[in-house]
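Visitor: Chains as they are written, first to last, in our numbering: chain A, 39 to 526; chain B, 39 to 526.
The C-beta atom is built at its ideal place from N, Cα and C for all residues, glycine as well.
As the structure is a computational prediction, the values presented were derived from the model and not from experiment.
#1: Using the beta-carbon of each residue, which ones in chain B are nearer than 8 Å to residue 175(A)?
#2: If you compare alpha carbons, which of 149(B), 186(B), 124(B), 153(B) is closest to residue 384(B)?
#3: Just the C-alpha distance for residue 234(B) and residue 212(B), rounded to the nearest angstrom, thanks.
#4: Check the Cβ of residue 468(B) against every Cβ in chain A and list those closer than 8 Å, keeping chain order.
#5: Would a C-beta distance cut-off of 9 Å place residue 179(B) and residue 333(B) closer than the cut-off?
#6: List the residues that DSSP assigns as beta-bridge partners of residue 337(A).
#7: By Cβ distance below 6 Å, which residues in the same chain neighbour residue 443(A) in space, the five residues on each side in sequence not counted?
#8: Does the contact criterion of 3 or more C-beta pairs under 8 Å hold for the region 399-407 of chain A versus the region 160-172 of chain A?
#9: Could you give the C-beta distance for residue 279(A) and residue 295(A), rounded to a whole number, given that I count them as a contact under 8 Å?
#10: Say whether chain A places a C-beta atom closer than 9 Å to the C-beta of residue 246(B).
#11: In the structure shown, what three-state DSSP assignment does residue 129(A) receive?
#12: Where do the N-terminal and C-terminal ends of the beta strand (DSSP E) with residue 488(B) fall, by residue?
#13: For residue 251(B) and residue 200(B), I'd like the C-alpha separation in whole angstroms.
#14: For residue 159(B) and residue 465(B), I'd like the C-alpha separation in whole angstroms.
#15: Just to confirm the assignment, what range does the alpha helix (DSSP H) spanning residue 269(A) have?
#16: Tell me residue 184(B)'s beta-bridge partners as DSSP assigns them.
#17: Could you compute how far the alpha carbon of residue 228(A) sits from the alpha carbon of residue 486(A)?
#18: So if DSSP puts residue 450(B) in a beta bridge, which residue, or which two residues, is it bridged to?
#19: According to DSSP, is residue 277(B) part of a helix, a strand, or is it coil?
#20: Whose C-beta lies closer than 7 Å to the C-beta of residue 208(B) among residues of the same chain, with five residues either side of it excluded?
#21: Looking at the unbroken alpha helix (DSSP H) that takes in residue 70(B), where does it start and where does it end?
#22: Which value, in whole angstroms, describes the spacing of the CA atoms of residue 325(A) and residue 120(A)?
#23: Mind listing the chain B neighbours of residue 218(A)? Cutoff is C-beta to C-beta under 7 Å, in chain order.
#24: Is DSSP giving residue 400(B) helix, strand or coil here?
#25: What residue does the alpha helix (DSSP H) around residue 298(A) start on, and which one ends it?
#26: In angstroms, rounded to a whole number, what distance separates the CA positions of residue 61(B) and residue 413(A)?
#27: Suppose the cutoff is 7 Å on Cβ atoms and the five residues either side in sequence are ignored; what does the same chain contact list for residue 322(B) look like?
#28: Specify the secondary structure class of residue 192(A) as computed by DSSP and reduced to three states.
#29: Under 9 Å, Cβ to Cβ, is there at least one residue of chain B near residue 49(A)?
#30: So, do the region 334-353 of chain B and the region 142-151 of chain A have three or more beta carbon pairs nearer to each other than 8 Å?
#31: Any C-beta of chain B sitting closer than 9 Å to the C-beta of residue 307(A)?
#32: Please find out if some non-hydrogen atom of the ligand PLP comes closer than 8 Å to the beta-carbon of residue 215(B).
#33: Report the option in 422(B), 287(B), 248(B), 291(B) whose CA atom is closest to the CA atom of residue 270(B).
#34: Quick check: what's the CA-CA separation for residue 306(A) versus residue 198(A)?
#35: Closer than 8 Å by C-beta to residue 239(B): which residues in its own chain qualify, once you throw out the five before and the five after it? Chain order, please.
#36: I'd like to know if residue 501(A) contacts chain B, where contact means its C-beta is closer than 9 Å to some C-beta of that chain.
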């Protein structure tokens, strides 16, 4: 039996103060000097795991000791996404106001499943998403909800499309039903893998996703889409949705949403737009066209945790038919019934996950701290830096650009002009170059393949990235290319 | 054009320091004096929303101002889950070491989709989940992965069960297939609503979930399960999985997992155990039986963000057939290929979501800071407090207990003995009592229905809850019952 007069409780307040202040100093130093760390972690597989005990300690340990181990064991195993030299995948940022907001979110530990379980969680989400929607130039007919990732957003989009096409799918499912033919979803062959995972999860099958070919600039071909739909209908399949991408993962190409929206309207298909990375560019007056046609989409996802300086995770999902989404998912067991129901929105009704973190706080604080103007300025800077880098590539004798640069990502490769090299040789060469540059620890780039050609990818999206970092990446690429090219 | 020599960047370091230290003081004060706030928010629907501007500011604002609005507008709209008087739903805790860990997680902003995108994210997850697994007494044959919520964990469990039963479901889906009959999943009628949502999302249909009746202590009846499976097979349906619950949401009852495991073995069905709340009780030597039979489950979920002092969100999913889960979901587009593949685990292979926060850090810090002994002591305290409260109810003339108390949740109601009252009268009476007690702001309780009887629920799970809070809840219940009872 425990002595109830001496309940052990939490860490004492003075200790929390002491460690909290210590962490503020540590994080301030980290954010301003992250360049002292190699961007890409240098640990070997198993190194972090093997440096830690096999069992949890029986007795509690001092927090000092835990922080010391964090620095000694964990930190070397971190690839520094919050480093201005991180130029891989989609570069993201945990900006200072966002980090401070996350600290508050953790302290409140509020859970937004129901309006009453924290009205501010539900209502600040509504406010922050309305602000973001206006900045993006989307109409008020879009209702928003925050999910963790774009994978979850797109899963819900396609689940709702499925519900719109087969209204009793919620009750009867898809199996053993002669009345439901195979369903079809369309996306370009440059769409994100989360679309593949969504159709697999939803029981549509990977074969239920038809990839439409892209044009020379990696944009979905609307004519090919139209033809595919006609073929599938003729074959007895039932088309239900099209996913258009604004900012594909490899090259940030933009599918022709207006033409796709025409097709979706004529064919009565759900149009989901994956603008997870590039959607925010529409905040710039001269880039409004980024989301052209998207006002006609049924749903759209934009990820503030990608190019809007918001600590991971926060995916903003907008839907013009949120009631259909709620029809597909809402369900209120007795223990979650509240007297306000009807008068308020309960976030649990908009999806699979019951529990919801207070994610809106960071988005709201970031939008206020930087302001619309400040955000536009930073996005414009990133696009300009990418343009500068693309220019260097274009001017270079031994590098070539492999795709247009609509936003802040450049696809390119080393291609020494004085030697005949097969695609295979070029892949080996560029793969070695990528490894060599990443091994320096000063910058980190990633890669993709475009029409079978191995391509390096430089992505700008970190709030502290400056011309110096991009110039250094270019310098390192040239240096190592010369060395590797000479050896090849 | 932006002047690239003057990139706007992030908040300056000195400001971050200043606001960071301010927040540490604020949070220290909040955690130690959260009782100054009413547990349940008192705002009216729309109040938070209407107190905020309709548009994002054009120009950036001082962080001081944002924090002032946080206190003025947001805080009154928070229901204080991190308050020791929070005794509703499942009471949870954002403990101090967990809050500090979240601060670090946000600053690193690491993303664990691939091993190389932060080896420590993947490997610390492995270590922390192995520690937790051992503490729970589960065998090493369970591999773990961290998801956001139990809803997501159970969705993946049932997706894997579906894949095990219909191996080409990934490719071909469920629709338009004469070879796949309707699939069936079983759970008790006290299982969590996330199971309903999972079958709906997966295309099995709500009708594909058969609810098995419970015994007088709200535990699934194994004989009824056996009979239901036989009936369904005879009707041409295909049973694929059973979800057993260890700690149901209403009463924390425990389904007879050993008997259910026997049935699943004989019938070759996937056994998923939802131990999201109560699983951790198995850490206590005298409560090892909590997870009896669970070593035979195919998958199991335990939520450290429920009763393990971990800030929301962190759901620990264990699976004995994680390779089947990976078969159901893994997919590697070119831009995510890495040279280490094969030698390492890439977390993106274990599910729908590509991106993953560094959630393991908080779990690891919490397990170390409190230690196994410290955690057991706190869990035992909570169960003892619940036992004390249950005893008060049992001794009282005008209250009655409505369910056994296996862990830290008590179901009870006000039932004045001197008057004949219908179930409807009792519901109205208890509903008013609940509102009255919650309106005091000192404590917050929730409710459920048990066999049609409206039941109050007192749940203990916050690390700072002491006998004083539970005694105060009892005092308030008696006071308000007397007042309301007198009026009735």
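Guide: Looking at the coordinates:
#1: Locating residue 175(A) in the first chain gives position 137, counting from the first residue. Chain B residues near residue 175(A): none, gap ~13 Å exceeds 8 Å.
#2: The residue you call residue 384(B) lines up with position 346 of the second chain. Of the candidates 149(B), 186(B), 124(B), 153(B), the one whose C-alpha sits nearest the C-alpha of residue 384(B) is 153(B).
#3: Indexing the second chain from 1 puts residue 234(B) at position 196. Indexing the second chain from 1 puts residue 212(B) at position 174. Each residue's Cα considered, the two are about 18 Å apart.
#4: One-based indexing of the second chain puts residue 468(B) at position 430. Per Cβ cutoff of 8 Å: no residues; residue 468(B) is ~13 Å from chain A at best.
#5: Numbered from its first residue, the second chain carries residue 179(B) at position 141. Numbered from its first residue, the second chain carries residue 333(B) at position 295. Contact flag set, yes.
#6: Within the first chain, the letter at position 299 stands for residue 337(A). Residue 337(A) is bridged by DSSP to 310(A), 357(A).
#7: As a position in the first chain, residue 443(A) is number 405, starting the count at 1. Taken in chain order, the residues that qualify are 424, 428.
#8: In short, these stretches touch, since the Cβ pair count reaches three.
#9: The sequence position of residue 279(A) within the first chain is 241, counting from 1. The sequence position of residue 295(A) within the first chain is 257, counting from 1. 14 Å between Cβ atoms; not a contact.
#10: As a working note, residue 246(B) is residue 208 in the second chain. Chain A has a Cβ within less than 9 Å of the Cβ of residue 246(B).
#11: Sequence index remark: in the first chain, residue 129(A) carries index 91 (1-based). Correct three-state label for residue 129(A): coil.
#12: As a first step, residue 488(B) must be located in the second chain, where it is residue number 450. Residue 488(B) -> beta strand (DSSP E) spans 484-488.
#13: Start at 1 with the first residue of the second chain, and residue 251(B) comes out as number 213. Start at 1 with the first residue of the second chain, and residue 200(B) comes out as number 162. Between residue 251(B) and residue 200(B), the C-alpha separation is close to 23 Å.
#14: Your numbering for residue 159(B) matches position 121 in the second chain. Your numbering for residue 465(B) matches position 427 in the second chain. Approximately 49 Å between the Cα atoms of the pair.
#15: Here residue 269(A) refers to the residue found at position 231 of the first chain. 260-272 is the span of the alpha helix (DSSP H), which, as asked, contains residue 269(A).
#16: Stepping through the second chain from its first residue, residue 184(B) is reached at position 146. 354(B), per the DSSP bridge assignment.
#17: For this step, residue 228(A) is matched to residue 190 along the first chain. For this step, residue 486(A) is matched to residue 448 along the first chain. A direct Cα-Cα distance of roughly 11 Å separates residue 228(A) from residue 486(A).
#18: Your numbering for residue 450(B) matches position 412 in the second chain. BP columns for residue 450(B) point to 439(B), 494(B).
#19: Here residue 277(B) corresponds to residue number 239 of the second chain, with the count starting at 1. Residue 277(B) falls in the strand class under three-state DSSP.
#20: For this step, residue 208(B) is matched to residue 170 along the second chain. Closer than 7 Å at Cβ, skipping near neighbours: 201, 366.
#21: Against the second chain, residue 70(B) aligns to sequence position 32. Boundaries of the alpha helix (DSSP H) harbouring residue 70(B): 51-71, taken from the DSSP string.
#22: Along the first chain, read from residue 1 onward, the residue named residue 325(A) stands at position 287. Along the first chain, read from residue 1 onward, the residue named residue 120(A) stands at position 82. Their backbone Cα atoms lie some 27 Å apart in a straight line.
#23: Counted from its first residue, the first chain places residue 218(A) at position 180. Here the neighbours are 213, 214.
#24: Here residue 400(B) corresponds to residue number 362 of the second chain, with the count starting at 1. Residue state, collapsed to three classes: helix.
#25: On the first chain, residue 298(A) is found 260 positions in, with the first residue counted as 1. Element bounds for residue 298(A): 295-305.
#26: Residue numbering aside, residue 61(B) sits at position 23 when the second chain is read from its first letter. Residue numbering aside, residue 413(A) sits at position 375 when the first chain is read from its first letter. Near 24 Å, if we compare the C-alpha coordinates of residue 413(A) and residue 61(B).
#27: Indexing the second chain from 1 puts residue 322(B) at position 284. Spatial neighbours of residue 322(B) in its own chain (CB-CB distance under 7 Å, excluding positions within 5 residues in sequence) are listed in chain order as 414, 417, 418.
#28: Counting from 1 along the first chain, the entry for residue 192(A) is found at position 154. If DSSP states are grouped into helix, strand and coil, residue 192(A) belongs with the helices.
#29: To locate residue 49(A), count along the first chain from 1; it is residue 11. With 9 Å as the cut-off, residue 49(A) counts as an interface residue toward chain B.
#30: For the pair of segments examined, the region 334-353 of chain B was found to touch the region 142-151 of chain A: the number of CB pairs separated by less than 8 Å reaches three.
#31: Your numbering for residue 307(A) matches position 269 in the first chain. Nearest CB-CB separation between residue 307(A) and chain B: not below the 9 Å threshold.
#32: In terms of ligand content, the structure shown is empty, and the ligand PLP therefore cannot be addressed.
#33: Working through the second chain from its first residue, we reach residue 270(B) at position 232. When the alpha-carbon of residue 270(B) is set against those of 422(B), 287(B), 248(B), 291(B), the nearest one is in 248(B).
#34: Working through the first chain from its first residue, we reach residue 306(A) at position 268. Working through the first chain from its first residue, we reach residue 198(A) at position 160. Between the C-alpha atoms of residue 306(A) and residue 198(A) there is a straight-line separation of about 14 Å.
#35: Working through the second chain from its first residue, we reach residue 239(B) at position 201. Correct list, in chain order: 193.
#36: Within the first chain, residue 501(A) is the residue found at index 463, counting from 1. Closer than 9 Å to some Cβ of chain B, the Cβ of residue 501(A) qualifies, so yes.
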